Amino acid sequence: MKRTILLGTTLLLAGMSLQAQDSLTNREIWYSRTFSTEYVSGLESMLDGEHYTTLEETADGVPAIQRYRYQDGALAGTIVTLTDLVAGGAPEGLSIQGYQFSPDERKLLIETDIDPLYRYSYYARYWMYDREARRCVALSDTTGPLQRLATISPAGTHAAFVRDNDLYVVDLNSMAETRITHDGAWNKVLNGATDWVYEEEFALVQGYAWSPKGTKLLYLRSDESQVKEFDLTYYRGQLYPEEYRFKYPKAGEENSQVGLFVYDLQATTTREIPVGEGGPNDDFYLPRFGWTPDDATLWFMRLDRLQQQKTIYTLELPAMQPTRIGLKPKAVYRETSATYVEVTDDLHFHPDGSGFVLTSEKSGWNHVYWVTLKTGVERAITAGEYDVLSVAGIDAQGKRVIFTASMKGATRQEVWAVGLNGKGLKELSPEGGVNEAEFSEGFRYFINIRSTANDPPVTTLHDGRGKLVKTLKDNAKLREQVARFGWRPKEFLSVPGAADGLQLNAWRITPPGFDSRRAWPVLVTQYSGPNSNEVLDQWGGRNDLWHQLMAQRGYVVVCVDPRGTGHRGRDFRHVTYGQLGKYET
């Protein structure tokens with residue numbers, strides 16, 4: 000099957016050997032825009048589920064947030080331009096780098112001046128734009144430190160953000176600012192934001208969550224004062240280098256001590272949530288938390304230090320306002336493993352509050368399960384020898400779950416829908432390659448990005464059943480450039496593992512004039528981290544162009560997904576547990 004896919008995806012570039020070809024250079028690959036890929040930038044669904052917005056330039060070349068119709072992909076109007084923001088009070092030179100609508104979509108939270116921190120996190124400045132009043136004001140003092148993680152409440156009346164490791168709330172009518180926490184300090188305590196471990200290992204950056212009606216804030220407090228520090232030296236073109244010290248717990252060393260708290264906006268009180276199960280030496284993580292559809296009921300995930308047991312709890316907040324909540328959280332789901340359990344973003348509550356879906360590897364493959372909230376009763380929604388890769392959410396009206404999976408092979412990824420009862424499985428995405436989708440509110444439409452190893456991304460608009468509505472970006476120019484530089488097709492194959500002959504997925508790129516009877520120098524490119532995949536039928540961007548450069552210079556470039564990588568079930572993935580570096584090589 001893999002070789003058939005290769006032939007189908009390389010026909011597009013088959014004629015390039017007959018054309019005059021240019022030679023690739025590092026400068027052409029890394030420092031020019033020759034191979035830039037077109038995407039739909041700043042994509043957001045509007046609440047009506049019938050329109051979406053993007054970040055792009057108007058016909059006059061002015062940066063703007065534009066509104067489009069899902070029905071036909073046609074431009075339906077301009078939400079705001081950079082000119083509007085400046086006229087409303089924003090400073091000259093402001094750049095729209097992100098945005099969020101208020102629930103009534105009257106106000107916009109504009110993100111600018113982004114300064115990266117770690118892999119996902121960053122500092123920024125935020126501006127509030129009122130579309131009716133055509134007024135733009137700073138969310139907080141622009142002369143002070145940058146902020147982080149600003150969001151508008153579900154009620155649209157307040158916004159929250161983190162500054163200097165403390166959590167703040169702003170009344171959007173008066174713009175009055177309230178400091179919620181007072182003990183935040185660099186390398187000591189974080190409130191509403193996460194430490195390096197939570198960001199890097201659990202992909203959790205925002206350390207707070209609004210309740211559904213916007214009346215409360217649930218936030219994480221991390222005390223990292225006992226965590227040992229690590230030094231980095233930054234060379235920024237200055238006469239002397241800059242030293243950067245941050246908390247970096249190594250394996251077996253002290254982690255941050257974490258706790259959950261709830262701030263009530265009306266009562267202006269803060270209450271601690273009981274999350275511990277053991278004694279004073281109880282060591283655990285809180286990698287996920289939030290609210291059920293009920294404004295008075297929160298949930299959190301508790302993970303032991305060895306990451307072999309995760310438990311999901313719910314807690315209904317009492318009407319009284321004690322400093323510490325006296326009720327005991329209720330365990331609604333527990334999963335254990337002899338190796339480790341995964342932490343994902345696949346938990347989604349049904350809007351009616353009856354239960355939630357999540358994914359688990361307990362069957363040997365990663366699948367979707369339904370959990371009834373009151374009883375904790377579980378049932379499988381998907382099954383089979385394939386891995387579910389992510390869950391987009393629950394389509395309540397359609398009574399279905401939307402998810403991505405590698406059902407047609409470990410090198411591929413498709414978008415699927417299945418009924419909450421496990422029936423009516425349907426593929427929604429275009430055939431072949433790797434597909435990634437963004438759904439509208441209500442799941443009536445989705446925008447899909449599909450690519451293959453030898454074909455650049457194509458962005459398409461579809462209805463909720465998968466029918467093509469319109470092609471939004473086809474990257475025709477990129478295809479022309481790739482052909483001009485003599486693209487060598489990436490071939491997929493299987494190679495036997497050294498220990499037991501288990502077939503491993505691989506790809507190779509061969510030089511021009513390749514003759515298998517000759518000896519050729521081989522460049523092996525690997526990552527091989529747990530649950531990672533490099534052998535995918537997906538466009539590889541500039542990294543793959545560098546591999547093309549190596550092929551042009553006479554190298555055979557090879558990549559193998561060894562044991563421990565993803566898309567091939569739990570046992571294949573977990574075999575490296577406790578012995579990294581052994582089975583991968």
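So for the sequence shown, numbering that gives the first Met the number 0 puts the first residue at 0; every next one is plus one. The C-beta atom is built at its ideal place from N, Cα and C for all residues, glycine as well. Because the structure is a prediction, the values reported are computed rather than measured.
Exercise for the section: Excluding the 5 residues preceding and the 5 following GLU228 in the sequence, name in chain order all residues of the same chain whose CB lies nearer than 8 Å to its CB. Expected result: Here the question's residue 228 lines up with position 229 in the sequence shown. These residues qualify, in order along the chain: ASN186, ARG244, PHE245, LYS246, TYR247.
Handout entry: VAL400 to GLU131 span [Cα, whole Å]
Key = Along the sequence shown, read from residue 1 onward, the residue named residue 400 stands at position 401. Along the sequence shown, read from residue 1 onward, the residue named residue 131 stands at position 132. Between VAL400 and GLU131, the C-alpha separation is close to 37 Å.
Problem - Status (buried if at least 16 other CB within 10 Å, exposed otherwise) for TYR512 - result: Numbered from 1 along the sequence shown, position 513 holds the residue referred to as residue 512. Just to set this straight, residue 512 is Gly in the shown sequence, not Tyr. Classification for GLY512: exposed.
Problem - Own chain residues within Cβ distance below 7 Å of ASN474, not counting five before or after - result: Within the sequence shown, numbered from 1, the residue matching residue 474 stands at position 475. Result list for ASN474: THR36, GLU37, PRO455, PRO456, VAL457, in chain order.
Problem - Where ASP293 sits in the DSSP three-state scheme - result: Position 294 of the sequence shown, counting from 1, holds the residue named residue 293. The three-state reading of DSSP puts ASP293 in coil, since its state is none of H, G, I, E or B.
Exercise for the section: Give a yes or no on whether the C-beta atoms belonging to ARG68 and GLU49 are separated by under 9 Å. Expected result: On the sequence shown, residue 68 is found 69 positions in, with the first residue counted as 1. On the sequence shown, residue 49 is found 50 positions in, with the first residue counted as 1. Closer than 9 Å, so yes.
Handout entry: ILE508, DSSP secondary structure in three states
Key = Within the sequence shown, numbered from 1, the residue matching residue 508 stands at position 509. Strand at ILE508.
Exercise for the section: Under 8 Å by Cβ, that's how I've got LEU217 and LEU297 pegged, so tell me the actual separation to the nearest angstrom. Expected result: Numbered from 1 along the sequence shown, position 218 holds the residue referred to as residue 217. Numbered from 1 along the sequence shown, position 298 holds the residue referred to as residue 297. A Cβ-Cβ separation of about 5 Å places LEU217 in contact with LEU297 under the 8 Å criterion.
Practice task
Check whether the Cβ of SER336 lies closer than 8 Å to any heavy atom of the ligand MG, and answer yes or no.
Solution key: The ligand MG is absent from the structure shown, which contains no ligands of any kind.
Handout entry: Closest residue to GLY463 among ALA436, SER362, GLY289, VAL574 (Cα-Cα distance)
Key = Taking the sequence shown and counting its residues from 1, the one referred to as residue 463 is at position 464. Residue ALA436 holds the alpha-carbon nearest to the alpha-carbon of GLY463 among ALA436, SER362, GLY289, VAL574.
Problem - Per-residue DSSP class, three states only, for PHE201 - result: Taking the sequence shown and counting its residues from 1, the one referred to as residue 201 is at position 202. For PHE201, the three-state secondary structure derived from DSSP is helix.
Handout entry: Opposing strand residues paired with ILE95 [DSSP bridges]
Key = Here residue 95 corresponds to residue number 96 of the sequence shown, with the count starting at 1. For ILE95, which the question treats as bridged, DSSP gives no partner whatsoever.
Handout entry: Element boundaries [beta strand (DSSP E), containing LYS246]
Key = For the purposes of this step, residue 246 is taken as the residue at position 247 of the sequence shown. Residues 241-246.
Handout entry: GLY540 in three-state terms, based on DSSP
Key = Counted from its first residue, the sequence shown places residue 540 at position 541. Reduced to three states, the DSSP call for GLY540 is helix.
Problem - Beta-carbon gap between VAL39 and TYR119 smaller than 9 Å - result: In the sequence shown, residue 39 corresponds to position 40, counting from 1. In the sequence shown, residue 119 corresponds to position 120, counting from 1. For VAL39 and TYR119, no; Cβs fall outside 9 Å.
Problem - Candidates CYS558, PRO240, LYS466, of which the one nearest LEU427 by Cα - result: Mapped onto the sequence shown, residue 427 falls at position 428. Across the set CYS558, PRO240, LYS466, the C-alpha of LYS466 shows the shortest separation from the C-alpha of LEU427.
Practice task
Determine, using beta carbons only, whether SER221 and GLN256 come nearer to each other than 9 Å.
Solution key: Stepping through the sequence shown from its first residue, residue 221 is reached at position 222. Stepping through the sequence shown from its first residue, residue 256 is reached at position 257. Yes, these two residues count as a Cβ contact at 9 Å.
Practice task
Express the C-alpha separation of GLY577 and ASN530 in angstroms, rounding to a whole number.
Solution key: Taking the first residue of the sequence shown as position 1, residue 530 is located at position 531. Taking the first residue of the sequence shown as position 1, residue 577 is located at position 578. Cα to Cα, the separation comes out at about 14 Å.
Problem - THR232 versus PHE442: straight-line alpha-carbon distance, rounded - result: Against the sequence shown, residue 232 aligns to sequence position 233. Against the sequence shown, residue 442 aligns to sequence position 443. Using only the alpha carbons, I get a separation of about 47 Å.
Problem - Under 9 Å between C-beta atoms of VAL367 and VAL417 - result: Residue numbering aside, residue 367 sits at position 368 when the sequence shown is read from its first letter. Residue numbering aside, residue 417 sits at position 418 when the sequence shown is read from its first letter. Between VAL367 and VAL417, the C-beta spacing is below 9 Å.
Handout entry: Boundaries of the beta strand (DSSP E) in which ILE28 is found, first to last residue
Key = Along the sequence shown, one-based indexing puts residue 28 at 29. That residue, ILE28, is in no beta strand (DSSP E); its alpha helix (DSSP H) goes 25-29.
Exercise for the section: Count the CB pairs spanning the segment 328-343 and the segment 304-313 that are closer than 8 Å, and state whether there are at least three. Expected result: Flag = yes, the segment 328-343 and the segment 304-313 touch.
Practice task
On a CA-only basis, which of MET127, ILE113, TYR128 is nearest TYR121? Give me that one, please.
Solution key: Taking the sequence shown and counting its residues from 1, the one referred to as residue 121 is at position 122. Minimum Cα-Cα distance from TYR121 among the listed residues MET127, ILE113, TYR128 corresponds to ILE113.
Exercise for the section: Quickly, what does DSSP pair ASP473 with across the bridge? List them, please. Expected result: As a working note, residue 473 is residue 474 in the sequence shown. Bridge partners of ASP473: none, in fact.
Practice task
Return yes when the Cβ of THR141 is within less than 9 Å of the Cβ of ARG124, no when it is not.
Solution key: By 1-based counting over the sequence shown, the position of residue 124 is 125. By 1-based counting over the sequence shown, the position of residue 141 is 142. Taking 9 Å as the Cβ cut-off, ARG124 and THR141 qualify as a contacting pair.
Problem - Buried or exposed (CB count within 10 angstroms, at least 16 for buried), VAL265 - result: As a first step, residue 265 is located in the sequence shown; it is residue number 266 there, counting from the start. Checking the sequence, you will find Gln at residue 265 rather than Val. Around the Cβ of GLN265, a 10 Å sphere holds fewer than 16 other Cβ atoms; the residue is exposed.
Problem - Nearest to ASP560 (by Cα), restricted to the options GLY539, ALA395, GLU533 - result: Stepping through the sequence shown from its first residue, residue 560 is reached at position 561. A check of alpha carbon separations from ASP560 across GLY539, ALA395, GLU533 identifies GLU533 as the nearest.
Exercise for the section: Would you kindly work out how many angstroms separate the C-alpha atoms of TRP290 and ARG26, rounded to a whole number? Expected result: For the purposes of this step, residue 290 is identified with residue 291 of the sequence shown, where counting begins at 1. For the purposes of this step, residue 26 is identified with residue 27 of the sequence shown, where counting begins at 1. Taking the CA atoms as reference points, TRP290 sits about 49 Å from ARG26.
Handout entry: Identified DSSP bridge partners for ASN190
Key = Translated into positions along the sequence shown, residue 190 becomes position 191. Bridge partners of ASN190: ARG220.
Practice task
Would you kindly check if the distance between the Cβ of PHE283 and the Cβ of ARG270 is under 9 Å?
Solution key: If you number the sequence shown from 1, residue 270 lands on position 271. If you number the sequence shown from 1, residue 283 lands on position 284. Against a cut-off of 9 Å, the Cβ pair of PHE283 and ARG270 comes out as no contact.
Handout entry: Cut-off 7 Å between Cβ atoms - residues of its own chain near VAL468, not counting five sequence neighbours on either side
Key = The count along the sequence shown starts at 1 and reaches residue 468 at position 469. Within the same chain, VAL468 has close Cβ partners ASP71, GLY72, LEU460, HIS461, ASP462.
Exercise for the section: Measure the C-alpha to C-alpha separation of PRO102 and GLY155 and round it to an integer number of angstroms. Expected result: Counting from 1 along the sequence shown, the entry for residue 102 is found at position 103. Counting from 1 along the sequence shown, the entry for residue 155 is found at position 156. Within the model, the alpha-carbon separation for PRO102 versus GLY155 is close to 6 Å.
Handout entry: Own chain partners of MET319 with C-beta closer than 8 Å, once the 5 adjacent residues on each side are dropped
Key = As a working note, residue 319 is residue 320 in the sequence shown. Note that MET319 scores 45 on pLDDT, short of 50, meaning its location in the model is unreliable and no value can be drawn from it.
Handout entry: Cβ-based burial, ARG178 [other Cβ within 10 Å; buried from 16]
Key = Here residue 178 refers to the residue found at position 179 of the sequence shown. With fewer than 16 other Cβ atoms inside 10 Å of its own Cβ, ARG178 counts as exposed.
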